[in-house]
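Chemist: Take a look at this one; I'll ask things after.
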Amino acid sequence: MTVPSGENVLGVYNDRDVETKHFRMPRYVDGNDLTDFLIRINYRTAAGETDSALADNVVTKEDEITFDWPISHKVCASAGTVPFSICARLLDGNEVIKEYNTTYYCGTVLPGIEPNGSNIPDDPEIIAQIEQYLAEIAELREDIQSYHEIQDDVAQMKATILEKIDDAYEEDGYLYLTSDGEIVAGPIGPFASSGGGSGGNNAILTVTNNTGWNSSTITASDDCYLSINWSSVETGSSTGPGTLKVLVGSSTKVTQDIAQGTITINVAPYLGAGTNIVKLRVTDVYGNTRTVSFTVIVVNLYVTSSFDASVPYTGAVQFAYTPVGNLTKTVYFKIDGSQIGVTEVTTSGRQQTFTIPAQTHGMHTFECYFTASVNGSTVTSNTLYYELICLEEGNSSVIITTDFHDSTVPQYTSLKIGYFVYNPSALTTPVKIYVTGDEVADLTADRTKQTFNYRVDTIGGQVIRIVAGSGSSTTTLTINLTVTESDIDVEAETQNLALYLTSKGRSNSETNRSIWRYENIQAQLDSFNWTSDGWQMDAEGETVLRVAGDARVTIPYRIFATDFRTTGKTIEVELATKNVMNYDATIMSCLSDDRGLKITPQLARLTSEQSEISTQFKDDEHVRIAFVVEKRTEQRLIYCYINGIMSGVIRYPDDDDFSQATPAYISIGSNSCTTDIYNIRVYDNDLTRYQLLDNWIADSQSIDDMLDRYNRNNVYDAYGQIVIEKLPHDLPYMVLQAPELPQYKGDKKTVSGYYVDPVNEANSFTFTDAQFDVQGTSSQYYARKNYKAKFKNGFVMNGDSTATAKYKLRSDSIPVNTFCFKADVASSEGANNVELVRLYNDACPYETPAQQEDARIRQGIDGFPIVIFWDDGTTVSFVGKYNFNNDKSTEDVFGFQEGDESWEILNNTSSRVVWKSDDYTGTAWLSDFEARYPDTDPAYTNNAQLKAFAKWIVSTDTTAATGNALSNSVVYDGVTYSNDTSEYRLAKFKAELGDWVELESAEFYYLFTELFLMVDSRAKNMFPSFMGSEV
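Taking my numbering as reference, the numbering of the sequence shown is continuous, increasing by one, and the terminal residue is 1031.
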């Protein structure tokens, strides 16, 4: 855990709910998603008492989780050191499944003064004031008496309201009280309007509760579906989609975009044991809001058992089970749907036993559950369900059981149907599996658990039949499914498909396990042992073709048989590499005379006669790599995609050639690396980025992955344009309103607009008549411009009616009125200009004098990603992904004071900039350096400190030593130097460096840039700065 300097202060003695500390942590740790973990802050007060606090305002983002710790009075009840740590637990009921803890960090509660009494001096003026106060108190007694007279009425009214009212909202200055989303009182007012939002509107927002209750008691294993119906109508027309927030207590658990109509959501994953106040808050496009509230009591009631249903039973069966719950439990037992026993259990957590009577030969279902009364409501525990293998002596009929009991599944779900086949007269049994009449598997099953993997792509009714046995002696297990239509509107491209091989649904137990074909192309699988290789499950439960050791795959398809500049070409390979012993080993190849496709454990490369494009990827990671060659009649581009994202592009010459003189087959396998293959696709066409994205989504074996990929990329309208309505619900955005935007540096434009933070609405603002200019020197010529924005008229914050002069990027930032919106065209991952600078700022051990006074002061910029749209008065169009950054000109952020200097480098090829020259005569040096601070008009040009610093560095340049005699001999580190040698200059640099620079700062800077940011930060992004009036 890292705590920035100054943030270790938790408060002052006896503070009450004053301070809140903000945290962020990785969302994924060791491959585990911490979204479902319960986050607590464990602490020990200065008085030695240990306690913990639940994290507040938990927000899950793509790669991180942010949360708050409101510092309670208990923490500040004693002054001194308060150790604290962060704990994240994954719970199943009361059982801790997994737990992560940080090391502890010591916070501080500062001492204060809490007087025991007061001494009033004998002063006539003070006595006169006291007498006046006493007179005023006497006058107030009559008002107090009146208050007492109406107190009972108020209490009665309050009780009535609490029974009836579950929410309230303000509209046009009037207060409305609601129950179940219906207005029961109002309008009350008028009151002063709170402002904010998008201004006045005539939309009528209606939200009703369709759940059927407002208060319910459930068990910890139950789902909890809440349902509402909502509409927002203005002048008879729908206002479009809105936003739903799910709050439990004061913590926002879910934020998602919703269409108008009925919305149903399962809130069980967000509930804790005890009483939960759950609110479903709907906001329409105008910012109008309605809330429906629920009370959900969660009780910890469940039953467990270690019963093994995979073994056969003869005669009566002893069933051991353990019911949990501190109340009287009525336990029910059923065989084949009929109740065979009931008993009451008052103990909790103690093992009980029930005898199941002997059953006839075959499969029999057995169920166990209990009911209990909680607060007048009957709740039901989880149900234990088993399919028993029951034997009768002399009966040799095959028995099939399954642990799959779903009857309704969403479209595109990858089913993993576990089943057992028990043949009393043989150790193995032939099995065939049919889906809606079509045979999909032919295998041999032993008596261990088998798994049938199948993805349901077709909606409607489907029947899965598992038939075991041979001849007339067969047994059939039938599973009836209803496949519901998915919201995902995406399918893999089929036109011009030349090759498609997938591992989806395959198994080593198949009788045809070595057959892998597409139409008339059949791969040859050699030297597989079909135990540790072949059709295996990866760590995520997805089926792969594992090629390891001596195993090899040859696909008799020649990708490069012809020169495809006329038709275009697309090659997609979805794979993972692991157990790498040689990173240069070829694991997949379609190569002849160094022309074609070659993949090694971390590199994929496509070569033609004159062109080459490659991309790196990480081993032990599931990736999809695609190469697309455009037609010669188009732009002659070769693209590289990783996981559906364009990651590289080159242009091939018009007379290039992709054909091989001796066309090669596709080969897979190496003794130096294990390769998992998921999918291979080849098209005789150049697919668009949209088609590649659809393929990446459609080929997913996991419905959760498919939904995540689809929702993450579902940002386009019907015309292929990114639109605000389809943005991810947690992504901030800004809309710039102006007829034109600046096109080059100095092309200043007046811009109005608004900024929306969907997660933290209090951060949203509108602005008018801001000055926008293009920012950057070389980057000003890119198609996407960086912008420097001066908000001269301030910011009208969400909920305010008047402008605030300055804005804070974060709650602990220094407010300013100038910002930089950085497109990061040349660094499109968006990390180098923000995240690594933030890391530098947080990790640097050196603090400037200003930072020692104020922990908010920074050495580098801060920022976060947003997207920007442009409203030109006619249309709203997408501009790009930007970072909302501090601008380097905001001296308050960096703590610059009078006497300080900071210089920006303009030309990183100049001899002055690389510290080889100290010639600052004339004006040529102004093409190399520009004053960042002081920021004056006209520009600051006093180069005295810069020149002195340069002169000293030049004097230590070992490559410029003359060998001439020094005017005076000098001694460095016990060695006397009389001549200007390279040794002398190096010794001088070492001895005098601390006189010219802050060593701790310089050392950390060079160590940091050895790992990160070297190209830019040791050139244009380094700002030589002088703190004070002397070097």
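The beta-carbon is built from N, C-alpha and C at its ideal position, and this holds for glycine as well. Source: prediction; values computed, not measured.
Can you give me the Cβ contacts of Ala-259 inside the same chain, cut-off strictly under 7 Å, excluding the 5 residues immediately before and after it?
Modeler: Sequence index remark: in the sequence shown, residue 259 carries index 259 (1-based). Here the set comprises Pro-241.
Chemist: My guess is that Asp-676 and Leu-525 are in contact by the Cβ rule of under 8 Å, so how many angstroms apart are they, rounded?
Modeler: The residue labelled residue 676 in the question sits at position 676 within the sequence shown. The residue labelled residue 525 in the question sits at position 525 within the sequence shown. Between Leu-525 and Asp-676 the Cβ distance is about 14 Å, and since that is not below 8 Å, they are no contact.
Chemist: Suppose the cutoff is 6 Å on Cβ atoms and the five residues either side in sequence are ignored; what does the same chain contact list for Ile-417 look like?
Modeler: Mapped onto the sequence shown, residue 417 falls at position 417. The answer, listed in chain order, is Phe-404 and Phe-452.
Chemist: Which class does Gly-994 belong to by DSSP, given the choice of helix, strand or coil?
Modeler: Start at 1 with the first residue of the sequence shown, and residue 994 comes out as number 994. Reduced to three states, the DSSP call for Gly-994 is helix.
Chemist: Do you know offhand how far Thr-688's Cα is from Asn-496's?
Modeler: Numbered from its first residue, the sequence shown carries residue 688 at position 688. Numbered from its first residue, the sequence shown carries residue 496 at position 496. Roughly 13 Å between the two C-alpha positions.
Chemist: Where do the ends of the alpha helix (DSSP H) carrying Thr-1009 lie?
Modeler: The sequence position of residue 1009 within the sequence shown is 1009, counting from 1. Thr-1009 -> alpha helix (DSSP H) spans 999-1011.
Chemist: According to DSSP, Arg-784 sits in a beta bridge with which residue or residues?
Modeler: If you number the sequence shown from 1, residue 784 lands on position 784. Paired residue(s): none; Arg-784 is not in a bridge.
Chemist: So Val-1032 and Lys-329 are in contact, right, with Cβ under 8 Å, and what is the actual spacing, rounded?
Modeler: Because residue 1032 is not part of the residues shown, which for the chain are 1 to 1031, the question remains open.
Chemist: Quick one: which unbroken alpha helix (DSSP H) runs of 4-plus residues sit fully inside the region 803-874? Chain order, please.
Modeler: 835-843 and 849-853
Chemist: Would you please state the rounded distance, in angstroms, between the beta carbons of Phe-989 and Thr-956? I believe it to be under 8 Å.
Modeler: On the sequence shown, position 989 is the one that residue 989 refers to. On the sequence shown, position 956 is the one that residue 956 refers to. Correct: roughly 4 Å between the Cβ atoms.
Chemist: Where DSSP assigns a beta bridge to Trp-530, which residues make up the other side?
Modeler: Numbered from its first residue, the sequence shown carries residue 530 at position 530. Bridge partners of Trp-530: none, in fact.
Chemist: Tell me the DSSP secondary structure of Ala-548 in three-state form.
Modeler: Reading the sequence shown from its first residue, position 548 is the one you call residue 548. When DSSP states are grouped into helix, strand and coil, Ala-548 belongs to the coil group.
Chemist: Which residues mark the beginning and the end of the beta strand (DSSP E) in which Glu-439 is found?
Modeler: In the sequence shown, residue 439 corresponds to position 439, counting from 1. From DSSP, the beta strand (DSSP E) with Glu-439 extends over 438-445.
Chemist: Going by DSSP, what residues sit across from Trp-903 in a beta bridge?
Modeler: Walking along the sequence shown from the start, residue 903 turns up at place 903. In the DSSP output, where bridge partners are listed per residue, Trp-903 has Ala-931.
Chemist: Here's a check: name, in chain order, each residue in its chain whose Cβ is nearer than 8 Å to the Cβ of Ala-987, leaving out the five neighbours to either side.
Modeler: Here residue 987 corresponds to residue number 987 of the sequence shown, with the count starting at 1. Excluding sequence neighbours, Ala-987 sits near Tyr-972, Asp-973, Val-975 and Tyr-977.
Chemist: Count the other C-beta atoms from every protein chain shown that fall within 10 angstroms of the C-beta of Ser-1055, then say buried if there are 16 or more, exposed otherwise.
Modeler: In the structure as shown, the chain starts at 1 and stops at 1031, and residue 1055 therefore has no counterpart that could be examined.
Chemist: Answer yes or no: do Arg-40 and Ser-52 have a C-beta to C-beta separation smaller than 7 Å?
Modeler: As a first step, residue 40 must be located in the sequence shown, where it is residue number 40. As a first step, residue 52 must be located in the sequence shown, where it is residue number 52. Result yes, Cβ atoms of Arg-40 and Ser-52 sit closer than 7 Å.
Chemist: In its own chain, which residues sit with a C-beta less than 6 Å from the C-beta of Ile-297, not counting the 5 before and 5 after it?
Modeler: By one-based count along the sequence shown, residue 297 stands at place 297. Excluding residues within five positions, the ones whose Cβ falls inside 6 Å are Thr-217 and Thr-275.
Chemist: So, for Asn-382: in the same chain, excluding its five sequence neighbours on each side, which residues have a beta-carbon less than 6 Å away from its beta-carbon?
Modeler: In the sequence shown, residue 382 corresponds to position 382, counting from 1. Cβ neighbours of Asn-382 within its own chain (closer than 6 Å, five residues either side excluded): Ser-221 and Tyr-302.
Chemist: If you drop the 5 nearest sequence neighbours on each side, which residues of the same chain put their C-beta closer than 6 Å to that of Ala-268?
Modeler: Locating residue 268 in the sequence shown gives position 268, counting from the first residue. Contacts found: Asp-223 and Cys-224.
Chemist: Out of curiosity, what's the CA-to-CA distance linking Lys-1020 and Gln-897?
Modeler: Working through the sequence shown from its first residue, we reach residue 1020 at position 1020. Working through the sequence shown from its first residue, we reach residue 897 at position 897. Straight-line Cα distance between these residues: approximately 23 Å.
Chemist: Using C-beta distances below 7 Å, list every residue in its chain close to Asp-257, excluding the 5 sequence neighbours before and after it, in chain order.
Modeler: As a working mapping, residue 257 is identified with position 257 in the sequence shown. Within the same chain, Asp-257 has close Cβ partners Pro-241, Thr-243 and His-729.
Chemist: Just list the residues that DSSP pairs Leu-247 with in beta bridges.
Modeler: Here residue 247 refers to the residue found at position 247 when the sequence shown is read from its first residue. DSSP lists Thr-252 and Lys-279 as partners of Leu-247.
Chemist: Please state whether DSSP places Gln-351 in a helix, a strand or coil.
Modeler: In the sequence shown, counting from the first residue as 1, residue 351 sits at position 351. Coil at Gln-351, not helix or strand.
Chemist: Who are the Cβ neighbours of Val-876 in its own chain at under 6 Å, not counting the five residues just before and after it?
Modeler: If you number the sequence shown from 1, residue 876 lands on position 876. Excluding residues within five positions, the ones whose Cβ falls inside 6 Å are Phe-869.
Chemist: Pick out the complete alpha helix (DSSP H) segments inside the region 284-356, 4 residues or longer, and give them in chain order.
Modeler: Taken in chain order, the whole alpha helix (DSSP H) runs of length 4 or more contained in the region 284-356 number zero.
Chemist: Do the region 576-587 and the region 643-659 meet, that is, are 3 or more Cβ pairs less than 8 Å apart?
Modeler: no
Chemist: Within this structure, are the beta carbons of Thr-482 and Thr-408 separated by less than 7 Å?
Modeler: In the sequence shown, the residue the question calls residue 482 occupies position 482. In the sequence shown, the residue the question calls residue 408 occupies position 408. Against a cut-off of 7 Å, the Cβ pair of Thr-408 and Thr-482 comes out as a contact.
Chemist: Under three-state DSSP, which class holds Gln-771?
Modeler: Walking along the sequence shown from the start, residue 771 turns up at place 771. Strand, per DSSP.
Chemist: Assign Phe-564 to one of three DSSP states: helix, strand, or coil.
Modeler: In the sequence shown, counting from the first residue as 1, residue 564 sits at position 564. The answer is coil: DSSP assigns Phe-564 none of H, G, I, E or B.
Chemist: Buried or exposed for Gly-199, please, with buried defined as at least 16 other CB atoms from any protein chain shown within 10 angstroms of its CB.
Modeler: Numbered from 1 along the sequence shown, position 199 holds the residue referred to as residue 199. Annotation note: pLDDT 43 at Gly-199 (below 50); position unreliable, coordinate value reported separately. The residue in question, Gly-199, is exposed, as its Cβ has fewer than 16 Cβ neighbours within 10 Å.
Chemist: Taking Gly-753 as the reference, give the member of Leu-727, Phe-795 and Val-774 with the closest Cα.
Modeler: Taking the first residue of the sequence shown as 1, we reach residue 753 at position 753. If we check each option's Cα against that of Gly-753, Phe-795 comes out closest.
Chemist: Candidates Tyr-286, Ile-400, Pro-556 and Thr-304: which alpha carbon is nearest Thr-353's?
Modeler: In the sequence shown, residue 353 corresponds to position 353, counting from 1. Distance check between Thr-353 and each of Tyr-286, Ile-400, Pro-556 and Thr-304 places Thr-304 closest, using alpha-carbon atoms only.
Chemist: Nearest by alpha-carbon distance to Ala-965: which of Phe-949, Ser-982 and Trp-952 is it?
Modeler: What you label residue 965 is simply residue 965 of the sequence shown in a count that begins at 1. Minimum Cα distance to Ala-965 is reached at Ser-982.
Chemist: Considering only residues of the same chain and omitting the five flanking positions on each side of Phe-821, which have a CB-CB separation below 6 Å?
Modeler: By 1-based counting over the sequence shown, the position of residue 821 is 821. Around Phe-821: Tyr-787 and Tyr-882.
Chemist: Which residue marks the beginning of the beta strand (DSSP E) containing Lys-749, and which one marks its end?
Modeler: Translated into the one-based positions of the sequence shown, residue 749 becomes position 749. Taken as a continuous stretch (DSSP letters only), the beta strand (DSSP E) holding Lys-749 covers 749-756.
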